[in-house]
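In what follows, a single structure is set out as structure tokens and then discussed.
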Amino acid sequence: MTGFLIDRDVPAFGAEPEDGAPREPAALVSAEFDRLRLNGWSIEPGEFWTHVRPASQARRIQGWKLHVSATIVSAAEVLRVCLPPIVASGSPFKFAGTLENLRDLNDFRTPRGNSGKFITVYPADDGVLGELAERLHEVTLGLDGPAVLSDVPFRKGSLVHARYGGFDGVRALSNDGRYRNCLVTPDGGLVEDEREGVFRPPPWTDPPFGAARPSRNGGGGPVLLREGYQVASAIRHANKGGVYRALDRRTGAEVIVKEARPHVASDALGRHAGDFLRHEARVLRHLAGLGVVPSVVDEFTQDGHRFLVEELIAGETLYDKVATALEKGSAWPPGPLVRDLVSQLARTLQAVHGAGVVVRDLSPNNVLITDDGRLRLIDLELAAVLAEGKGPSTGRWDVFGIGGGTPGFSAPEQRDGAAPDFSADLFSLGALALFLATQTDPSLADDRPEGHPLEDRIVHLLTPPLGPPDIDPVTHDIVTGLMRSAPVTRIPLTRVLRMASGAVPLVRPVTEREAIGGFDYDAWGSLVSGMLGHLAANLPADPDERPWPETGFGTEAEPCTVQHGLAGGLAVLARFAELGLDGDAGGHVARLLDAVVPRVTRHLGAAEHRLPGLHFGFAGTAWALFDAGRALDRPDLSALGLELASGLPTAWPVPDVTHGLAGLGSCLLHLARETGDRLLLAAAGRCADHLLETAEHTGDAVSWRTPESFDSELAGYRSYGYAHGVAGIGAFLLAAGRATGRDELLGTALRCGETLLGAAIPIGDAAYWPDRVGTSRPFAHWCNGSSGVGGFLCRLHVHTGDPRYLDAAVAAGRAVLRSRRRSGASYCHGLAGNGDFLLDLAEVEGTGRHKAEVLAALLWARRLDRDGRAVLPDETGRAVTGGYGVGLFGHLAFLQRLRFGGPRLFHLEARPAGSGGVQTGPEDVA
């Protein structure tokens with residue numbers, strides 16, 4: 001379960017005033033820019049940065065760069081006064097090209113290492129650094145801007161800062177399969193150019209401006225605020241400031257301390273994070289005495305930072321309470337408690353509204369449940385307070401943050417910038433009731449153009465297959481009565497309380513099978529054609545550009561691998577071409593292959609190839625190329641795949657499937673089987689030998705870890721899962737043992753199976769697995785948990801006939817089905833990959849295919865509309881991306897196999913014995 005998104009689309013303080021609005025950054029320097037062009041300088045506006053370069057400049061890989069901060073009010077003047085000294089130094093520079101871009105840089109939620117950098121200057125050499133910094137400091141004195149946390153300031157409070165980093169830079173592929181900006185060490189090595197939220201210069205450099213080298217261990221002594229609050233720990237750090245647990249040394253009580261950094265998220269009136277925090281303190285004082293918010297202990301300013309000290313309330317947020325239960329394989333709150341909590345929230349809102357306050361951000365993260373079951377509201381910086389003596393229809397609200405809030409929980413009209421109104425909290429109450437009843441985030445990705453009405457989509461969330469079959473009718477009616485688009489149609493709190501306190505009508509519960517029925521294969525056609533059409537319609541004109549957007553890690557991932565790149569798509573498209581799709585879908589496949597194949601081959605001709613992993617390395621690319629060559633009658637592609645696989649290292653520190661040797665070994669086995677090439681089989685054997693040598697044995701258990709010293713985010717990681725651990729490595733060793741007849745490989749594969757049987761977390765008659773060795777949090781997905789482990793156990797049962805392995809795989813299938821509503825849609829850790837496992841299980845059992853169709857029906861229920869095409873969201877639940885691991889091609893891989901059968905992509909076949917198996921009934925889908 002992931003946290004709720006914060007709306008980044010709406011300014012923190014709402015619309016800016018039209019009169020006296022801040023000027024765009026370049027508004028005061030247009031004439032100067034014209035003169036620079038006449039002297040050979042280039043001014044190149046981009047989507048985010050505007051680059052300004054002299055006619056000739058020294059090329060530097062790295063060095064000390066200068067950053068000058070600004071607010072949206074001061075930006076135009078900061079650029080105007082900084083331009084002459086920068087130009088005089090002959091230094092290239094860039095600046096945030098629009099106020100909206102600068103607003104993003106200074107936003108509350110901007111990564112701390114990126115914040116504040118309005119202007120970046122690249123001095124020709126370090127010798128001019130100090131003089132240029134001093135001139136920039138002098139001309140910006142008295143102007144406002146936030147501190148740049150990743151840098152050292154020229155002087156305390158200066159807008160001018162410095163950080164050692166890349167200029168032209170070196171971009172290199174990491175051991176994890178992502179491209180990263182690197183620094184060159186004195187001995188010629190590469191280290192990542194990390195932009196942290198603290199100043200940490202490389203060890204071979206000396207900080208400028210006479211600054212001392214910072215200690216990695218901090219100051220060493222206790223942190224005291226206002227000489228009375230001793231910080232015990234940080235709850236979180238954010239660009240706007242930290243939240244800390246502290247000891248009030250005067251009273252001995254524990255308190256919460258909130259911090260606001262000056263000039264962060266400033267608006268056109270000069271208001272910033274400190275004013276936000278001051279407003280929150282006022283709201284808390286206004287509501288004091290109602291018993292529904294923390295009490296204010298103190299507020300003060302220290303070194304320009306604003307602090308608010310609050311009473312510490314023992315408890316946890318509703319979000320954490322639900323998430324903790326889900327992590328243990330259970331659900332909270334139980335059905336009867338849902339209406340009690342809704343009643344308590346309604347009474348809380350009655351009291352708050354009676355005091356003239358609209359909460360405006362009522363979400364599971366902002367409601368605390370105490371140890372004795374009472375609810376308290378926290379984080380009220382968005383709340384609106386009715387000005388004294390004014391009525392809601394005529395008065396003025398004291399409010400910060402017109403717009404904003406938590407998507408899915410804040411009312412749609414609020415997010416669109418409407419003035420505060422009590423009815424907005426009614427919508428949020430309904431969203432909270434929905435969350436408590438279903439454990440589902442009601443944040444809905446947008447149809448484009450707008451499709452189904454909100455009310456219909458809410459009913460959809462409450463109804464199987466998206467909703468559980470046991471929601472009581474009263475809770476259903478409360479949610480649908482509150483979550484309405486038109487504020488005036490939302491039911492009042494008095495009615496909510498009457499409904500919640502009434503008797504629940506007795507109705508016959510709907511069984512899961514009745515609620516779902518069979519999967520409609522017309523829906524299959526709509527989804528497949530829609531997703532292929534969406535991919536085809538959104539191909540960029542530039543043949544070198546990544547074809548489809550990615551999110552998260554995928555934005556920096558190698559573009560020709562399986563997880564976030566083109567190799568997964570190539571495999572899916574080649575199989576569709578081999579199967580032969582009719583109509584528009586077939587045309588989309590042909591067009592997509594025409595775009596994907598040359599992109600892959602062209603990129604491989606220029607890229608470095610050394611990563612052996614199946615999903616984040618090039619083993620999967622080789623597999624996809626070989627199979628595509630066979631399917632498309634393109635022997636050149638198959639030859640390229642064989643050449644690529646043969647050149648990858650068969651000794652590597654990462655043991656797993658996705659990043660390491662088990663993945664390469666699986667690819668080599670597949671190619672050896674298809675070609676009969678014994679050299680490929682021998683290479684797979686070398687991968688297996690390395691895994692035998694690096695296995696860690698603890699009693700009867702076996703596991704693998706990536707060495708702590710290896711430059712990887714997986715360093716030190718020991719996993720049970722298919723992607724990174726025992727299940728995936730065991731599956732490769734089993735296949736390698738069968739292919740070579742080597743007993744030591746088969747014996748280690750069996751030991752992997754026994755290890756997994758011992759590590760299972762039984763919850764009822766379902767089986768889950770932890771992701772890491774030595775932990776107990778249950779997972780149910782392909783990468784970590786039941787789906788991936790169950791797939792290996794199916795293969796182990798086929799080899800051994802041991803019913804224990806099949807029993808455990810069936811129990812893993814139950815876990816997959818029971819966690820389906822809380823799963824995302826993706827292949828790696830969602831419904832698509834889990835559905836492919838259920839097809840594995842159906843092949844081995846000889847029955848039970850309907851289980852996979854249950855997940856297909858749920859995917860159909862989660863579809864989005866993109867220009868009339870049915871598509872599915874990626875792992876974020878909101879974006880539509882193309883990758884195999886978390887995007888559309890992974891969804892297509894499952895649906896393809898569901899309809900046409902065949903081997904599972906990028907998996908060695910289980911080769912079931914076809915002997916029937918365990919018979920399962922409808923109860924296994926509960």
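Note that full-length UniProt numbering has the sequence shown beginning at 1, numbered continuously upward.
The C-beta atom is built at its ideal place from N, Cα and C for all residues, glycine as well.
Note that the structure is a prediction, hence the values are computed from the model and not measured.
Applying the criterion that 16 or more other CB atoms from any shown protein chain within 10 Å of the CB defines a buried residue, is residue i buried or exposed?
i	result
phenylalanine 837	buried
valine 488	exposed
histidine 452	exposed
isoleucine 119	buried
asparagine 39	exposed
phenylalanine 900	exposed
tyrosine 768	buried
tryptophan 204	exposed
serine 501	exposed
histidine 697	exposed
glycine 741	exposed
tyrosine 521	exposed
aspartate 636	exposed
isoleucine 402	buried
aspartate 144	buried
Identify whether residue i lies in helix, strand or coil by the three-state DSSP scheme.
i	result
serine 42	strand
lysine 156	coil
arginine 261	coil
leucine 290	coil
arginine 751	helix
isoleucine 72	coil
proline 762	strand
threonine 394	Low confidence applies here, because threonine 394 scores a pLDDT of 46, under 50, leaving its location unreliable; read the following figure in that light. Looking at threonine 394 - three-state DSSP - the assignment turns out to be coil, as it is neither helix nor strand.
glutamate 708	coil
glutamate 299	strand
glutamine 350	helix
arginine 869	strand
aspartate 542	coil
glutamine 230	strand
phenylalanine 900	helix
leucine 648	coil
tyrosine 179	strand
arginine 120	It is threonine, not arginine, that sits at residue 120 in the sequence shown. Looking at threonine 120 - three-state DSSP - the assignment turns out to be strand.
Kindly indicate if chain B contains any beta-carbon less than 7 Å away from that of residue i.
i	result
proline 543	No chain B is present in this structure, which holds just one protein chain.
Less than 7 Å between the beta carbons of residue i and residue j, yes or no?
i	j	result
alanine 825	leucine 796	no
proline 25	alanine 268	no
threonine 881	glutamate 550	yes
alanine 736	alanine 684	yes
aspartate 425	leucine 362	yes
alanine 815	valine 789	no
alanine 246	alanine 260	no
leucine 173	glutamate 713	no
leucine 898	alanine 832	no
proline 364	leucine 318	yes
arginine 678	threonine 650	no
valine 52	phenylalanine 93	yes
methionine 531	leucine 839	no
glycine 883	histidine 564	yes
Whose C-alpha, out of the options, is nearest the C-alpha of residue i?
i	options	result
serine 529	Phe95, Ala606, Arg869, Ala759	Arg869
valine 198	Asp594, Asn114, Gly252	Asn114
glycine 289	Ala351, Glu316, Leu341	Ala351
alanine 387	Val358, Ile491, Ser30	Val358
proline 547	Ala574, Asp865, Val600	Val600
leucine 308	Ala147, Val243, Ala731, Leu668	Val243
Hey, residue i and residue j are a contact pair by Cβ (cut 8 Å); roughly how many whole angstroms apart?
i	j	result
leucine 482	phenylalanine 427	6 Å
tyrosine 720	aspartate 771	7 Å
lysine 117	serine 56	Going by Cβ atoms, the distance from lysine 117 to serine 56 rounds to 25 Å, so no, they are not a contact pair.
valine 496	alanine 346	5 Å
glutamate 32	leucine 83	6 Å
proline 612	alanine 619	6 Å
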